[in-house]
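Q: The structure's right below; bear with me while I get my questions together.
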Amino acid sequence: MPQEHPTGRPRCTACVAFRAPCRRQLPRCSSCVRHDRECVYEAQPDENPQDLQLGEPAGIRRPRSTPTVDNWGPQDHPAALDAQSSSGLSSLLSSRQGGEKRRRDSSGSDSIGHHVRRAQELRDELRRELQYIGQAGGNTVDIPQEAGAVADVEPRRHTPSVAATNAGVIPGFQAGAADVPPPPAIKLHMMRGWSHHFSLSTLVDDYCHRVHTGRIMGKTLPGSGSVNSDFIDPSLLETELSYDQWTQAWRRLLQLIQEFFPDLFPLWKAHYDFVNSRPNRPTLWKVWLAYDIYLRMATRSDPRIDMSVFQREIWDSVLTRYLTDTAAVVHAQADPRMHMPGALPVSRVGVFGVVTSCPKNIKLRSAMQLHKSQVGQSLSSELPKATGSLMGNLSATSTTVPMVPATGFDASTKIVDTSAPCVVPLATEPSDATRDPRRVVTPLLPEAWKVVLEECDLLSDFADVPLGLSQGFPIGSSNMISRTSVPVNHRSALDNPAVVEASIQSELAAGRYTGPYSKEALEALIGPFRSAPLGVVEKSTPGEFRIIQDFSYPRSGSDHPSLNAEIDPDAYSCEWGFFEDVVRLVLSAPPGAEAATLDVDAAYRRMPVKPADQHNTIISWNNRHYVDHCVPFGAVSSNGIFGRCGDAMARICRAKHLGPVVKWVDDFLFFRAPAYLDSNWHWYSTNDIIELARRLGWPWKLSKTKDFAAFFTYLGFLWSIPERSVRIPDNKREKYLRRCREWLSSTKVSLEQTEKLVGSLSHCTLIVRNGCPHLAGLYAFAAAFPNKQYRRWAWRHPTDRARADAEWWMHTLEHSTLCLSLREPWPEHHTPIFMDASTSFGIGIIVEGCVAAWKLTEGWKRPGVDIGWAEMAAVELALVAVVAKGVQCRTVLLRSDNRGVVFAVRSRQSRNVHQNEILLRILLLAETHNLDLRIDYIRSADNPADCPSRGLPAPGSQPITWAIHTPPQLAPFLCRVGP
């Protein structure tokens, strides 16, 4: 038979209907408050007002037998601090004494001395319980001393003021330096139930101030639909919070908890007070911070966890990791061999940011034993500070392949690769190493980068680059992992096991992987980790493949979010050398100018990942796990991490007069001009670029290096500086033609096939300028595939429109020259052109201050033809009027108040078939009369063509007097009004 709730009240009707837990608070339970439901209790018994006042406060959990730490639990609730409730602690442990439970308002017949003796008995019992916490764990970790340290702390109580009983006051709460409220998105997330963990870095004073001053752009919070949330502060990881920042964040978090979860507030307040009052908090701050993070994460996945209870397993986990990261330091200081010249150090960075350095031949287990003995004396003692380099050695022998100066770059001279490969034995069995395998691995030389950046006066702009090269770059994850996740690899990898195995062996040989390990062995070394499903994609070179990691998995519906979902792409931006940038450089190049292209060898794989983040990118294959030390393919931050170093490299080259230079990911394009007119002598050569790279450890891929010449290939196009032209190379033409033929010959096609075709043809539109409208049908067909991930592998019959587009492109690729002559943009026309349309009347345009209008005839509106069609027709009529005026070789500025039309004209294609037909005519008309088109959005209130489009006079405008011929495709639906 179910037990009666301590309040005597049944579950409210709303919680019964929704099958939700009900805490029976008055006037409404927390579930009804959270979901804004009406809360009604049926057959509610009469209650004595005095009992309600002196009884157990609403929202406080009932006493339990689990041991609690000192100064934790219900006694921190405002109502429990009343002087009349001095027996509150007694009720907490009275059930363990075997005696009859006493009401809080029953003072008994004893004197005050009785209560004093009883309090002393309870204190002794509490000490014994806390001592039991420490003794229950055996020798796994050294918790007894910590538990003892906890138990030895006298509870600190402060006499509450009268204001402490007010509903909005938090006991012990202290005001911050600036009373800035929490970010709105975090508050909304809490209001919706606090279903996911979020970083406390989003509640510190600085971040909240930036949010409320509009200097922070949010990102989508996992599991919250389309909420635009400040979920992660990429500039401050939660694991790197200082104590002051932590207290700032907790002040706001407690406010939110009290507002949205009042029944849980005293429990979270007890947790905060406990961590905040630890005597060894200053010296073990990283441990207590990790404990707090892990506890908050755990409560999001398991609501049964009582945060007011000391969580032994969480403490064991964070303490073990801390001991592992600091053990080598203790042994290093105790072992004089560390200072011998022959001892080559291996540097490591632990998950707590502790830098350690120890000889490779020292067993970590003995170091841990030494450290634990010191911790056993007092965990509150200050830990030794580590010194030494942050750079991990690139080989098992703690040496690197020496750099050889580059010699002349010509056909008869061999260029030495500037990279420094690692030489390590290939591991064929699971590793039984007893030290943390995470380390910094890169051939780039941090100190050299710092020196060169200082030489070029660029260190202030790129101070993060040498730091990242020495300590590793953060991958961008802000969440701590509470459990290991190893999803199944994708079919493309399972179908190509030889490719995966070869890639793993290659990475092991290069020193960028460490392993293999069994799951249990790796967890023992680095704690919980996660891997991403492996996949295999074909490179542009036939027969070559690339291994990628699907860091966007899982897409949704998992309590273990993907790595990419945690990364803010805006925090990893970089510079790009676009097609238009190269056009400007070619057009501005003097006679005799040349260009060279250099490609970075394995660009991403040269960038080191911060060791504390390497548990996020574990490689899992056939039940074996490898630690990846470098930036992987597939992470949102990967391109930005390399791009940051690439930007620095490009700026250094410019500062040293090796340029102009632009780059696209890992492809660099250098220009040079003759030192004097009609001279073959140039200011610098490829050797100078290579020598600078050698100094920095920058690894050019010499097999792809193309020396300076008047013709060069960049972005997949063949450029000619003397001819001022660019064209699609013949091998690309054949490749794209083959894709068109294969797609057209198939009765059904997949989304993957369609996307590959669209991607190739979109690339061609940079040369084939009138080709964009002939992609609209293919875009619409690709968009028609199901959105659900598991259904996107379906095969579909191509639509007639998509097939027509593919046939047009196949004909163009077969018969066109695919060459574009480069020219400077035409000068701007002296006045902008305005156009507008309305369904109430028709179309109005204003050209050079003169107005014309057309009325829409009956029947103009039909399936697929609406106001968007009329707005696009207005653009065509305006351009016809400009051409009729005799304007040529100019850049025409168009102004429209329809954003859809603005986007379509800019992108040169529209998915609406009728608008796309008009756009085709617009582009052809502009090309015929040497007109460049620019279109911008204008508000309807500011658009002078708004009035004539509604049949009203345009103030200050005269009618167009020159002849305008309405295009025959529009004539059946329009009637010219006026002269």
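Residue 980 is where the sequence shown ends in the working numbering, and the numbering goes up by one at each step. Just so it is clear, CB atoms sit at the ideal spot from N, CA and C, and this is done for glycine as well. No experiment lies behind these values; they were computed from the predicted model shown.
Compare the Cα-Cα distances from residue 461 to each of 470, 451 and 469 and report the closest residue.
A: Nearest of 470, 451 and 469 to residue 461, Cα basis: 451.
Q: Helix, strand or coil for residue 548, going by three-state DSSP, please let me know.
A: Three-state DSSP puts residue 548 in a strand.
Q: Which stretch, first to last residue, makes up the beta strand (DSSP E) that contains residue 30?
A: First-last for residue 30: undefined, no H or E at that position.
Q: Using the three-state DSSP reduction, which class does residue 891 fall into: helix, strand or coil?
A: Strand.
Q: Does the distance from the C-beta atom of residue 903 to that of residue 897 stay below 8 Å?
A: Against a cut-off of 8 Å, the Cβ pair of residue 897 and residue 903 comes out as a contact.
Q: What separation, rounded to the nearest whole angstrom, lies between the Cα atoms of residue 687 and residue 709?
A: For residue 687 and residue 709, the distance between alpha carbons rounds to 7 Å.
Q: Could you have a look at residue 939 and say whether DSSP puts it in helix, strand or coil?
A: Correct three-state label for residue 939: coil.
Q: Count the other CB atoms within 10 Å of the CB of residue 852; is the residue buried (16 or more) or exposed (fewer)?
A: Per the 10 Å Cβ criterion, buried.
Q: Is the segment 563-570 in contact with the segment 517-530, if contact means three or more CB pairs nearer than 8 Å?
A: Touching, no.
Q: Distance check for residue 477 and residue 168, CA to CA, integer angstroms please.
A: Residue placement at residue 168 cannot be trusted, given a pLDDT of 45 that sits under 50; what the coordinates show is reported in the next sentence. If I take the Cα positions, the gap works out to 40 Å.
Q: Are residue 893 and residue 834 closer than 8 Å when you measure CB to CB?
A: It is a contact, given that the beta carbons lie within the stated cut-off.
Q: Helix, strand or coil for residue 916 per DSSP?
A: It is helical.
Q: Below 8 Å on the Cβ atoms is my guess for residue 750 versus residue 799; work out the distance and round it to an integer in Å.
A: Indeed, because the Cβ distance is near 6 Å, the residues count as touching under 8 Å.
Q: Which residues in the same chain as residue 242 place their Cβ atom closer than 8 Å to its Cβ, once the five residues preceding and following it in sequence are excluded?
A: Around residue 242: 201, 202, 205, 250 and 290.
Q: Following the continuous beta strand (DSSP E) through residue 516, name the residue where it begins and the one where it ends.
A: Residues 514-518.
Q: Given a cut-off of 8 Å on the beta-carbon distance, is the pair residue 535 and residue 587 in contact?
A: No, the Cβ-Cβ distance between residue 535 and residue 587 is not below 8 Å.
Q: Could you pull out every unbroken alpha helix (DSSP H) segment of at least 4 residues lying fully inside the segment 610-636, listed in chain order?
A: The qualifying runs do not exist here; there are none.
Q: Are at least three pairs of beta-carbons, each pair with one atom in the segment 883-893 and one in the segment 753-768, less than 8 Å apart?
A: Output reads no: the segment 753-768 does not touch the segment 883-893.
Q: Which term fits residue 394, buried or exposed, when burial requires 16 or more other beta carbons within 10 angstroms of its beta carbon?
A: Note that residue 394 has pLDDT 35, beneath the 50 cutoff, so the model's placement of it is unreliable and the number below is only indicative. That one is buried.
Q: Just how far apart, CA to CA, sit residue 759 and residue 776?
A: Taking the straight line from one Cα to the other gives about 7 Å.
Q: Check whether the segment 571-588 and the segment 716-724 touch, using three or more Cβ-Cβ pairs below 8 Å as the test.
A: Contact holds: three or more Cβ-Cβ distances are below 8 Å.
Q: Anyone know if the C-beta pair for residue 512 and residue 616 falls short of 8 Å?
A: No.
Q: Cβ of residue 962 within 8 Å of Cβ of residue 975?
A: Not closer than 8 Å, so no.
Q: How would you label residue 538, buried or exposed, when you count the other beta carbons within 10 angstroms and need 16 or more for buried?
A: It counts as exposed.
Q: Is it true that the CB of residue 915 sits closer than 8 Å to the CB of residue 876?
A: Going by C-beta atoms, residue 876 is not nearer than 8 Å to residue 915.
Q: Please list the terminal residues of the continuous alpha helix (DSSP H) segment that includes residue 872.
A: Segment 868-885, the alpha helix (DSSP H) holding residue 872.
Q: Helix, strand or coil: how does DSSP classify residue 967 here?
A: Here residue 967 sits in coil by DSSP.
Q: Would residue 579 be called buried (16 or more neighbouring beta carbons within 10 Å of its own) or exposed?
A: The residue in question, residue 579, is exposed, as its Cβ has fewer than 16 Cβ neighbours within 10 Å.
Q: Count Cβ pairs between the segment 798-813 and the segment 826-844 that sit closer than 8 Å; are there 3 or more?
A: Contact between the segment 798-813 and the segment 826-844 is absent, because fewer than three Cβ pairs lie under 8 Å.
Q: Rounded C-beta distance between residue 270 and residue 255? I'm assuming under 8 Å.
A: Correct: roughly 6 Å between the Cβ atoms.
Q: Quick check: the segment 586-602 against the segment 661-673, are at least 3 beta-carbon pairs closer than 8 Å?
A: With a cut-off of 8 Å, the segment 586-602 and the segment 661-673 count as touching, because enough Cβ pairs lie within range.
Q: Taking the Cβ atom as the reference point for each residue, do residue 26 and residue 264 lie within a distance shorter than 8 Å?
A: Yes; because the gap between Cβ atoms is below 8 Å, this pair is in contact.
Q: Please classify residue 542: does DSSP put it in a helix, a strand, or coil?
A: If DSSP states are grouped into helix, strand and coil, residue 542 belongs with coil.
Q: Return the CA-CA distance between residue 830 and residue 667, expressed in angstroms with no decimal places.
A: Between residue 830 and residue 667, the C-alpha separation is close to 39 Å.
Q: If I follow the unbroken beta strand (DSSP E) through residue 510, where does it start and stop?
A: Run containing residue 510: none in the beta strand (DSSP E); it sits in the alpha helix (DSSP H), 498-511.
Q: Does the segment 635-652 come close enough to the segment 489-507 that 3 or more CB-CB pairs lie under 8 Å?
A: No, the segment 489-507 does not touch the segment 635-652.
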